[in-house]
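Enquirer:
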Amino acid sequence: MTTTSRLSRAVGAVVGSAVGDALGAPFEFGPEHAFSARFPHPGHGGEMCGGGGWEPGEATDDTQMAVLVAESLLERGGLEPPDLFQRFQRWAAADPKDIGLQTEAVLAGGDPWDIAAALHFQTSGRAAGNGSLMRAATSAVYFARRGRDATMDAARRIAALTHGDRAAWEGTAVLHELVRAALDGDDPLTAIPETLAEVHPDHRDRYAAVLSPDWHPDLATEFNGAVWPCLGSAVWALRTTSSYEDAVRSAIDLGGDTDTVAAVTGALAGAVHGADAVPPRWTEVLHVPLPGFGERVLRVTELAELAGRLNGRPHRLTAP
Ligand SMILES: [Mg+2]
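Just so you know, the sequence shown maps onto residues 0 to 319 in numbering that gives the first Met the number 0.
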């Protein structure tokens, strides 16, 4: 039994992801355990320190793109891929402080929305980054009420806008489904086997490996900027902790792509533990600039409001 409401879990997923992103950003590409070396005592404050070009509490491309996804879904009343792609392009053209290499190549290449990512994958052969996983909190909340198939299908379609490799689609679909389980009040770790059964057969074994209870981030065969170890690390952080705060601390302490691993961890841990588990000292400085969309900067109240609207029942899955 649980007393955490669905709304609290939805806000926890969206705000929790944004907080993880902002908390991890100054430690990007740093060594392991840099975070706990600097902040050895959980709960003592000062962790939203900024650095590496980021202001304290400033969310990065992960959250900025998640907000673009949210606003497209809500304003269009469903998933309208050309609209979302156009918003991504407008944002990318406004010179955001950070943008994934793959994402930038696809959005700036000038190719139509329905073939841009596939063309890029065809020529580069590399499109299994974590760039579609990082922005998934909002769409996961939006599609959750439609059930597993709709949730995983939408995740794949949104991922495919920037990532041509099905590995990225499948990983994003898994994350969507685990968030959906958490919003229902279920344990996402328990939902892993049935979720894996829905993963494309060509990709199932690799996800089964990184989502296994005996997997550890040290076993990763790629840098955690790749989709598999990023998702595996987030699930590991959730599995090995019992609070939102400890989960994101563990994620950032892995080093590497700390903002994104913490954003993905934060989405899961926020959905599991609820909005009240996200420390206010972190949310009060949180802010999300939206390059290309005026001078807008979203604060936690706007993010929570957005999460509430995403949590409301969508009228239809796909806009006409
Ligand atoms: Mg980022």
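Where a beta carbon is used, it is the ideal one built from N, C-alpha and C, also for glycine.
How about D60 and I114: are their beta carbons less than 7 Å apart?
Expert: Taking 7 Å as the Cβ cut-off, D60 and I114 do not qualify as a contacting pair.
Enquirer: Would a C-beta distance cut-off of 7 Å place A166 and H202 closer than the cut-off?
Expert: For A166 and H202, yes; Cβs fall inside 7 Å.
Enquirer: Near V296, which residues of its chain fall below 8 Å by C-beta distance, leaving aside the five closest residues on each side in sequence?
Expert: Correct list, in chain order: H286, V287, P288, L289.
Enquirer: In whole angstroms, what separates the C-alpha of S211 from that of P278?
Expert: About 29 Å.
Enquirer: Can you list, in chain order, the residues of its chain with a C-beta nearer than 6 Å to that of T336? Leave out the 5 residues immediately preceding and following it.
Expert: This structure cannot speak to residue 336, because the chain is shown only from 0 to 319.
Enquirer: May I ask you to list the residues that DSSP assigns as paired with A225?
Expert: DSSP, once it has assigned bridges, lists G128 as partnering A225.
Enquirer: For a cutoff of 7 Å on Cβ pairs, would you count G293 as touching chain B?
Expert: The displayed structure is made up of one protein chain only, and chain B is not part of it.
Enquirer: Can you find a heavy atom of ligand 1 that lies under 6 Å from the Cβ of D94?
Expert: D94: no, Cβ never under 6 Å from ligand 1.
Enquirer: Let me check understanding here. Comparing Cα to Cα, which of W168, M151, A159 lies closest to V178?
Expert: When each option's Cα is compared against that of V178, the closest is M151.
Enquirer: Look at A181 and V68 and say whether their C-beta atoms are less than 7 Å apart.
Expert: The answer is no: Cβ separation not under 7 Å.
Enquirer: Relative to ligand 1, is the shortest distance from any of its heavy atoms to the C-beta of T59 smaller than 6 Å?
Expert: T59 Cβ: within cutoff of ligand 1.
Enquirer: In whole angstroms, give me the CA-to-CA distance for G51 and L6.
Expert: G51 and L6: Cα-Cα distance of roughly 34 Å.
Enquirer: Tell me whether the beta-carbon of S249 lies closer than 7 Å to the beta-carbon of A268.
Expert: Not closer than 7 Å, so no.
Enquirer: Residues in its own chain within less than 6 Å of A12 by CB, not counting five upstream and five downstream?
Expert: Within the same chain, A12 has close Cβ partners A136, V140, V178, A266, G269, A270.
Enquirer: Is the separation between the beta-carbon of H199 and that of E169 shorter than 7 Å?
Expert: Taking 7 Å as the Cβ cut-off, H199 and E169 qualify as a contacting pair.
Enquirer: Smallest Cα separation from R8: which of A143, Y206, V226?
Expert: Comparing Cα-Cα distances from R8 to each of A143, Y206, V226, the minimum goes to A143.
Enquirer: Classify P319 as buried or exposed, calling it buried when 16 or more other Cβ atoms lie within 10 Å of its own Cβ.
Expert: Annotation note: pLDDT 43 at P319 (below 50); position unreliable, no value reported.
Enquirer: How many Å lie between P55 and Q101 at the Cα?
Expert: Roughly 27 Å separates the two Cα atoms.
Enquirer: Span of the alpha helix (DSSP H) holding H202?
Expert: Note, H202: alpha helix (DSSP H), 200-209.
Enquirer: My assumption, with CB atoms under 8 Å, is that S71 sits in contact with R86. Please give the rounded CB distance.
Expert: Rounded, the Cβ-Cβ distance is 6 Å, consistent with contact.
Enquirer: Less than 7 Å between the C-beta atoms of V260 and N223, yes or no?
Expert: Yes, the Cβ-Cβ distance between V260 and N223 is below 7 Å.
Enquirer: For my contact list, S131 and H175 are in at a C-beta cut-off of 8 Å; report their separation, rounded to the angstrom.
Expert: With 8 Å as the limit, S131 and H175 do not qualify as a contact, their Cβ atoms being about 11 Å apart.
Enquirer: Return yes when at least one heavy atom of ligand 1 lies under 6 Å from the C-beta of D217, else no.
Expert: Checking the Cβ of D217 against ligand 1 gives no.
Enquirer: Quick one: residues in its chain with C-beta nearer than 7 Å to the C-beta of L253, no 5 flanking neighbours on either side, listed in chain order?
Expert: Here the set comprises E31, P216, N223, S232, V260.
Enquirer: Since V287 is in the beta strand (DSSP E), which residue starts that stretch and which ends it?
Expert: Note, V287: beta strand (DSSP E), 286-288.
Enquirer: Looking at ligand 2, does it come within less than 6 Å of D82, judged from the CB to the closest heavy atom?
Expert: Looking for ligand 2 in the displayed structure turns up nothing; the ligands present are ligand 1.
Enquirer: Using the C-alpha atoms, what's the distance from A107 back to S123?
Expert: In a straight line, the C-alpha of S123 is about 15 Å away from that of A107.
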